[in-house]
Structure formats: C-alpha cells, structure tokens
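Just so you know, we're using the working numbering here: the sequence shown kicks off at 20 and counts up by one. Here is the structure we will look at, set down as structure tokens.
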Amino acid sequence: MPAESAGQEAAPEGTALKRALTTPLLYFFILGDVLGAGVYVLVGQVAADAGGAVWVPLAVALLLALLTAASYAELATKYPRAGGASHYATRAFGPFAGFVAGFCMLAAGIVSVAALARGFGGDYLSAFVTLPVALVAVVFLALLALVNARGIKESTRANVVATVVEVGGLVVIVVLGAWLLLRGDGDVGRLTQLGTPEKGAAAAVLSGSVLAYYSFVGFETSVNVAEETRNPRRSYPRALFGALATAGAVYVLVGIAASAAVPTARLAESSGPLLEVVKEAGGVPTRLFSAIALVAVANGALLTGIMSSRLAYGMAKDGLLPAALTRVLPGRRTPWAAIAVTTLLAMLLALTGSVATLASTLVLLLLIVFLMVNTAVLVLRRDTGEADHFRAPTVLPVLGIASCVLLATQIEAEVWLRGLVIVAVGMVLGAVSAVRRGRRADDDARDHR
Numbered sequence: 020m021p022a023e024s025a026g027q028e029a030a031p032e033g034t035a036l037k038r039a040l041t042t043p044l045l046y047f048f049i050l051g052d053v054l055g056a057g058v059y060v061l062v063g064q065v066a067a068d069a070g071g072a073v074w075v076p077l078a079v080a081l082l083l084a085l086l087t088a089a090s091y092a093e094l095a096t097k098y099p100r101a102g103g104a105s106h107y108a109t110r111a112f113g114p115f116a117g118f119v120a121g122f123c124m125l126a127a128g129i130v131s132v133a134a135l136a137r138g139f140g141g142d143y144l145s146a147f148v149t150l151p152v153a154l155v156a157v158v159f160l161a162l163l164a165l166v167n168a169r170g171i172k173e174s175t176r177a178n179v180v181a182t183v184v185e186v187g188g189l190v191v192i193v194v195l196g197a198w199l200l201l202r203g204d205g206d207v208g209r210l211t212q213l214g215t216p217e218k219g220a221a222a223a224v225l226s227g228s229v230l231a232y233y234s235f236v237g238f239e240t241s242v243n244v245a246e247e248t249r250n251p252r253r254s255y256p257r258a259l260f261g262a263l264a265t266a267g268a269v270y271v272l273v274g275i276a277a278s279a280a281v282p283t284a285r286l287a288e289s290s291g292p293l294l295e296v297v298k299e300a301g302g303v304p305t306r307l308f309s310a311i312a313l314v315a316v317a318n319g320a321l322l323t324g325i326m327s328s329r330l331a332y333g334m335a336k337d338g339l340l341p342a343a344l345t346r347v348l349p350g351r352r353t354p355w356a357a358i359a360v361t362t363l364l365a366m367l368l369a370l371t372g373s374v375a376t377l378a379s380t381l382v383l384l385l386l387i388v389f390l391m392v393n394t395a396v397l398v399l400r401r402d403t404g405e406a407d408h409f410r411a412p413t414v415l416p417v418l419g420i421a422s423c424v425l426l427a428t429q430i431e432a433e434v435w436l437r438g439l440v441i442v443a444v445g446m447v448l449g450a451v452s453a454v455r456r457g458r459r460a461d462d463d464a465r466d467h468r
C-alpha cells in the first residue's frame, strides 16, 4: 500500500471526498462567494465614513483581506480538509478555541443575512413599492427560509442565475460611470476627497475600510472545498489570490464610478447607492437596475442562510449545539430546525440594527476569527502537515494580526457591545461542550475497564 504524504492521515475507505475542482472552477467558486451583495448596499455608507474617494477604503480593504488570505492559503494547503477556521483553531489552541471560532463564523453568517434583509427593504425596493423596512425584512427572511427548506439543489440552481445577474449589474455601473466621464459629466475631483467634518483623512480611510471589508468576506468559506480540489498546493493559492484581485478591481472601478457620478452627500444618504449612478447616467431603466440589485441582495442572503443553517446543523450533530437543531424534514431531508432558529435570530437582529451596524458587527466577528487564523499559522509552523504546502512569508500573518487589531480599533462601542455579547454566548456554549466531552470521555474510560 503506498505511503501517505507527510502529516496526512489516511481517510477511511468510502469517506474521502472526490477531488474534482480544477483551478478555474475553484477560481469562479471563490469569485462568486466574494462578489456579492455587500457593495450594492454599502458604497453609500463607505462614502459617509470616508468622503468622496470611496475607492480608497475599497483598495485598502482588499490589501488587508489579502494578508489574511495568505494565512488561509497556507493552512488550506497544509490541511486540505473541510472545517476551515474551526479546524485550524482546534489544531493550534484546542477544542474550546475551535468551538469559539466555529460559533463566531455561525454568528457572522446570521448577522450578514440580517444586514442583507434590511438592505433588501431600502431604496432598491422603493423603485417598485414603498413599505416599512422592518416589515420587508421579516417577510423577506421568512421567504428565504422556505426556499432554503425546499432543498439545496433548488437553492444552488437559483444561485447560478443570480450570480450572473449580480456581476452583470456591477459591470453596468462601471460602464455607466465611464460613459458619464466621457461625455463630460460627473466630477473627478471627488475621487481625491478624503475625510469628513468629524474625521481626518487617515481616520476616515480606516473607518471606511471596516465597512468596505464586508464586501470582501466570503473567501474564508472556500477552505472547506480544498479537500475536493485536485491539486490544492498549486490550485488553491492561485484561485484565492486571483479571485480576490478580480473582485478588488471590480469594486475599485465601481467605487470610482459611484464617486465621480454622484455627489458624496447624496451617495451617503442612499440605501441603494448604485441606483443613484443609474439615475445620473440615464440610459438604463431604474426599475431594471433595481431588480438586478434586489436579485443580488436576495442571492447573497440565500447563500449565507444556507451556510449558516448547515453549520448550525453540523455543530449540533457533533454535540456542540442542542440536539434539536439536527431535526430534518422527512421528505426534503433539509435541516428545518436549524433553518428556523437561524432565521428567527436574523429577524431579531434585522429589527434591532441598521445595515451599517450589522455590517460592522459581522466584520468584528470575522476579525476575531481571522486573528485566530493568522495566529494559528505561526503556532502550527512546528507541524509539517501536507508535504510541499504553500508557505506564506512570516511577515504576512504578522501583518494580518496587526490588521485585525487595527480594524477592530475603528469599530464603534455599540457594535463592540453587540459583538462581545455574541462572543460571550459562544464561550459559555464552548465551556458546556467541553464539560460534556469530558464526561463522555470518563464514561468511555469506565466502559472499557
């Protein structure tokens, strides 16, 4: 029998996942995860925090995301198996840290769905009908839960179409922005305006980067398919960095188009900021673009809702969350209990926070996870892992740690309070889980005496 690679455990026969993803397929998988609804909703909020030069916080957020992406690239090629941040934290710091990392990822997903639900009820929907945002968010989340419960096949089919639509919408904005400038309209002077009456340029860029960071999240979930990639050592880093660079280029171009086309104050006041570009440029029906934006927001919420409910189901199946969350629909075999609970929590958050507050809360939770991942890279350097894995220069995870701390200092006290409550719940559940594991281990030891 052939020897296993250094540090790689042989998978039991029939349990190893099929390595089917090529580099191009993985690239598009990651790109589809990153290029999402965040930019449709948050460009205006970034303008409110940073000033007219929206593209600057977007570029800074890209660079900061690439630092942590380097750590993920090393760990995903060193341990190419599902589990992601929770698996890495467990290896580096033990099961309690792994549970907290997994719980923060779960909470971040629920918060993200809540933010997108509020974004759905904003100016894009107002192009068709004006309704209370809170009401729209609740109904929207209930409908998403029904689609989620219907089945994963139907949900992923809808995602393919929606991804094409949402990327097309961003391309439309870039083209309209270029058209505006070519015909002599717009104001390129806004592209260099950084700062607000309350903040200087540096503080404004950092504050805007916290929100812009939200637009790049999604790459961290791709580590779960490294086990299904044909040559993860070669393919994963290329696909990851290529997808992030592509998303960053698109976002920066969108930021330039929005800044040049629309006065900063108007952009900042809109919950459908890209719609303002369409109105300014003309040529594209506002209702058509609003429909595209609504599809993008709904698709992002659906994908994140699927991830959150399956993560909750998986953690419950492993005994880390209440066993009731493992209940599934008899016919559909979808985790209805996990879907119901994550949806109710998202509804609660959507009713108690603005889009900007929820987006910042999500970023805070992910910064905690990313801090653990960047630190885990350094701690796990003593372990060989997979032979010939990608190795990030040591300076990158160190800078990644510094970037997480820096961004965390820019998050408002209200968001910190909300985030710390969530983390505290995770730590309590983690402690309960550790006690249960200890009891099971003692019972097993007695049974074998």
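From the three backbone atoms N, C-alpha and C, an ideal C-beta is built for every residue, glycine too.
Quick one: grab the DSSP three-state call for residue i.
i	result
K298	helix
S278	helix
I430	coil
Y98	coil
T240	helix
P151	coil
H408	coil
F389	helix
V303	coil
Q64	helix
D204	coil
G70	coil
T371	helix
P216	coil
R146	Residue identity check: residue 146 is Ala in the sequence provided, not Arg. Coil, per DSSP.
P380	With the sequence shown as reference, residue 380 is identified as Thr, and Pro is not the correct amino acid for it. Looking at T380 - three-state DSSP - the assignment turns out to be helix.
S228	helix
R477	Because residue 477 is not part of the residues shown, which for the chain are 20 to 468, the question remains open.
D415	Rather than Asp, the amino acid found at residue 415 in this sequence is Leu. It is helical.
T41	coil
D52	helix
G449	helix
S403	The question names Ser, but residue 403 is Thr in the sequence shown. Reduced to three states, the DSSP call for T403 is coil.
S234	coil
S327	helix
S290	coil
A140	It should be pointed out that residue 140 corresponds to Gly in this sequence rather than to Ala. The answer is coil: DSSP assigns G140 none of H, G, I, E or B.
A267	Position check: residue 267 holds Gly in this sequence, whereas Ala was assumed. Correct three-state label for G267: helix.
G261	helix
G469	Residue 469 lies beyond the stretch modelled for the chain, which goes from 20 to 468, so this question has no answer here.
When burial is assigned at 16 or more other CB atoms within 10 Å of the CB, is residue i buried or exposed?
i	result
P292	buried
V396	buried
R137	buried
M20	Reliability of the predicted coordinates at M20 is poor, the pLDDT of 36 falling under 50, and the value obtained from them is presented with this limitation in mind. Looking at its Cβ environment, which holds fewer than 16 other Cβ atoms inside 10 Å, M20 is exposed.
R458	exposed
V180	exposed
L163	buried
P151	exposed
E295	buried
T394	buried
P349	exposed
F147	exposed
D68	buried
A168	buried
L418	buried
A343	exposed
P412	exposed
R352	exposed
T403	exposed
A161	exposed
R401	exposed
R306	exposed
A208	The sequence as given places Gly at residue 208; Ala does not occur at that position. The residue is exposed, with fewer than 16 neighbouring Cβ atoms inside 10 Å.
V454	exposed
L100	The residue asked about is misnamed: residue 100 is Arg in this sequence, not Leu. Counting Cβ neighbours within 10 Å, R100 comes out buried, since at least 16 surround it.
Review point. Using 8 Å as the threshold, is the region 127–141 in touch with the region 350–368, meaning 3 or more CB pairs across them?
Key: yes
Review point. Is there contact here, the region 318–330 with the region 84–102, by at least three beta-carbon pairs under 8 Å?
Key: no
**Study point:** Sufficient close CB pairs (3 or more, under 8 Å) joining the region 305–316 to the region 178–190
**Key:** yes
Review point. Fully enclosed by the region 332–367, which alpha helix (DSSP H) runs are 4 residues long or longer?
Key: none
Check your understanding: Counting pairs of beta carbons, one from the region 211–218 and one from the region 327–335, are three or more of them closer than 8 Å?
Key -> no
Check your understanding: Is it true that the region 274–287 meets the region 106–121, where meeting means three or more beta-carbon pairs spaced less than 8 Å apart?
Key -> no
Check your understanding: Just checking, does the region 227–234 make contact with the region 367–382 on the three C-beta pairs under 8 Å criterion?
Key -> yes
Review point. For the region 39–53 against the region 252–265, are there 3 or more C-beta pairs whose distance is under 8 Å?
Key: yes
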